[in-house]
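Undergrad:
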Amino acid sequence: SSRLVFISPDLLGSFTASSPIRSDSGQELKKFPLLNITDWAEQLEHLMSEYERKSWKEGHEITNWAIVANGGCAPIALKVAQSAVEKSATFEKDLTNVVISSPPRLPFFLEGTDPKRVQKSYRTLSGIAGK
């Protein structure tokens, strides 16, 4: 039987995790903005690797990962996916799915797009088929 686990992290520098502490010195970081896409991606990778270890100890081994990202978190998901593809990620299990909804207007998402096709897709997804 399959076991699905959902993790919804509160990334440092946002919401309740807005007072981060350096792991090496214990010093609270007060200068903002202190985080970038790579920092958040590394936090997520660390969380994933820690969860793998914890799950393994509890007898619930993780078989693969999927990331679902919304809006401005899309670049974080893509950075984690890049690390997984390059085999430089700190987690061990395969990242098999990345789902991105409402990505921000990033230049690489817009390269080579035909405005008429984009408009047609928008109309299709905004109509009955997209509801």
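Note that my numbering has the sequence shown beginning at 2, numbered continuously upward. By construction, the Cβ of each residue, glycine as well, lies at the ideal position given by its N, Cα and C atoms. Here the structure is a predicted model, which means the values were calculated and not measured.
#1: Which residue marks the beginning of the alpha helix (DSSP H) containing residue 39, and which one marks its end?
#2: Relative to the C-alpha of residue 98, which residue among 65, 50, 104 and 116 is closest?
#3: Just grab the DSSP bridge partners of residue 96 for me.
#4: Using 8 Å as the threshold, is the C-beta distance between residue 4 and residue 47 below it?
#5: According to DSSP, is residue 77 helix, strand or coil?
#6: Would you list the one or two residues that DSSP bridges to residue 134?
#7: Is the beta carbon of residue 38 sitting closer than 8 Å to the one on residue 53?
#8: Figure out for me which residue from 101, 81, 84 and 50 has the closest Cα to the Cα of residue 93.
#9: Quick check: what's the CA-CA separation for residue 45 versus residue 106?
#10: Which same chain residues end up closer than 6 Å to residue 70 when comparing Cβ atoms and leaving out the 5 residues on each side of it in sequence?
#11: With a threshold of 8 Å between beta-carbons, can residue 50 be considered close to chain B, or not?
#12: So, at 6 Å on beta carbons, what are the nonlocal neighbours of residue 42 in its own chain, with the 5 sequence-adjacent residues on each side left out?
TA: In short:
#1: On the sequence shown, position 38 is the one that residue 39 refers to. In the DSSP assignment, residue 39 falls within the unbroken alpha helix (DSSP H) covering 38 to 58.
#2: Position 97 of the sequence shown holds residue 98. Cα-wise, what sits closest to residue 98 is 65.
#3: Taking the first residue of the sequence shown as position 1, residue 96 is located at position 95. DSSP lists 66 as the beta-bridge partner residues of residue 96.
#4: The sequence position of residue 4 within the sequence shown is 3, counting from 1. The sequence position of residue 47 within the sequence shown is 46, counting from 1. No, the Cβ-Cβ distance between residue 4 and residue 47 is not below 8 Å.
#5: Sequence index remark: in the sequence shown, residue 77 carries index 76 (1-based). Here residue 77 sits in helix by DSSP.
#6: Here the chain has residues from 2 to 132 only, and residue 134 is not among them.
#7: Position 37 of the sequence shown, counting from 1, holds the residue named residue 38. Position 52 of the sequence shown, counting from 1, holds the residue named residue 53. Contact flag unset, no.
#8: What you label residue 93 is simply residue 92 of the sequence shown in a count that begins at 1. Nearest C-alpha to residue 93: 50.
#9: Stepping through the sequence shown from its first residue, residue 45 is reached at position 44. Stepping through the sequence shown from its first residue, residue 106 is reached at position 105. Those two C-alpha atoms are separated by around 23 Å.
#10: Walking along the sequence shown from the start, residue 70 turns up at place 69. Result list for residue 70: 78 and 101, in chain order.
#11: The question asks about chain B, but that chain is absent: this structure has only one protein chain.
#12: Along the sequence shown, one-based indexing puts residue 42 at 41. So the list reads 77, 80 and 81, once near-sequence residues are dropped.
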